[in-house]
Amino acid sequence: MSEVRIAAEPRSEFGKGAARKIRRSDKVPVVLYGHGTDTKHLILPGHELLLALRTPNVLIRLQGDGLNELALPKGVQKDPIKGFLEHVDLLLVKSGEKVTVELPVTTTGDIAPGGLFDQQLLSIAVETEATHIPTGVEVDIEGLEVGAVVTAGDLKLPEGTTLAADPETVILQVTGVPTSAETEEGEEGGAEGEAAAE
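Per the working numbering, numbering through the sequence shown is continuous, rising by one, with the last residue being 1175.
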């Protein structure tokens, strides 16, 4: 996995007013923690950080003011309306150490005709090396028939990655397509329920 280098500057002013002032200059207040070190309060350029965070589990190389550290995003706060970054928590990581991250789960292929594909989880928790985080996990669903279930334990994880979730967790399943009789029955049941409620 590639690193994104971002220039960091120390943050010396705190409080809501100071944070607003930082954001007005298109920068983001950031907290860097981990490895039993003192928490560092930093300021990062907003646009660069936003672009970096588009990559899941991106590794950020923080540089500047005597700083040269690798970090993983662990908490991202965005403005719910405008979408700009309000605050980011970064976890200090070292080469070779293991971290727990969420990997996106994607599918390839098509299920057998006559079934409905139901993916219940879009990501899965795994433990992997901090500097070699895979981009995701792929599941081949080619030819899966009604009744087929894929659990977390069935996933083929990338080398050096172990499952951090319950292996029995259902990732996806193939269900039967409801027949027209079942659909009508459901509608009638709903209508009767509404009539009883009135």
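No residue lacks a Cβ here, since even glycine has one placed at the ideal position from N, Cα and C.
Check: Where do the N-terminal and C-terminal ends of the alpha helix (DSSP H) with GLU1025 fall, by residue?
Finding: Note, GLU1025: alpha helix (DSSP H), 1023-1029.
Item checked: PHE991 versus GLU1122: straight-line alpha-carbon distance, rounded -> 57 Å
Notebook entry, point to check: Just curious, the alpha helix (DSSP H) that ALA996 is in, first and last residue?
Noted result: 993-1001
Checklist line | Beta-carbon spacing of GLU1104, ALA1141 below 8 Å | finding: yes
Check: So, using beta-carbon positions, are ALA985 and LEU1030 closer together than 8 Å?
Finding: no
Checklist line | Beta-carbon spacing of ILE983, LEU1026 below 8 Å | finding: Yes, these two residues count as a Cβ contact at 8 Å.
Checklist line | Selection from VAL1154, VAL1076 and LYS1051 that minimises the alpha carbon distance to HIS1064 | finding: LYS1051
Item checked: Inter-residue Cα distance where the pair is ALA995 and THR1032 -> 29 Å
Next item on the list: Just mark THR1016 as buried or exposed, buried being the case when its beta carbon has 16 or more other beta carbons within 10 Å.
Entry: exposed
Item checked: First through last residue of the beta strand (DSSP E) which encompasses ALA1102 -> 1100-1106
Notebook entry, point to check: For ALA1203, which three-state DSSP category applies?
Noted result: Nothing about residue 1203 can be reported from this structure: the residues present for the chain run from 978 to 1175 only.
Next item on the list: Tell whether a beta-carbon distance below 8 Å holds between VAL1147 and LEU1093.
Entry: no
Notebook entry, point to check: What do you get for ILE1118, buried or exposed, if any count of 16 or more other CB atoms within 10 angstroms of its CB means buried?
Noted result: buried
Notebook entry, point to check: Could you give the distance in angstroms between the alpha-carbon of GLN1096 and the alpha-carbon of ASP1056?
Noted result: 29 Å
Check: Helix or strand or just coil, what does DSSP make of ALA1172?
Finding: Confidence in ALA1172 is poor, its pLDDT being 49 and thus under 50, which makes the residue's placement too unreliable to answer from.
Notebook entry, point to check: Who does PHE1094 pair with in a DSSP beta bridge?
Noted result: VAL1151
Margin query: So for ALA1125, helix, strand or coil by DSSP?
Written below: DSSP places ALA1125 in coil when its eight states are reduced to three.
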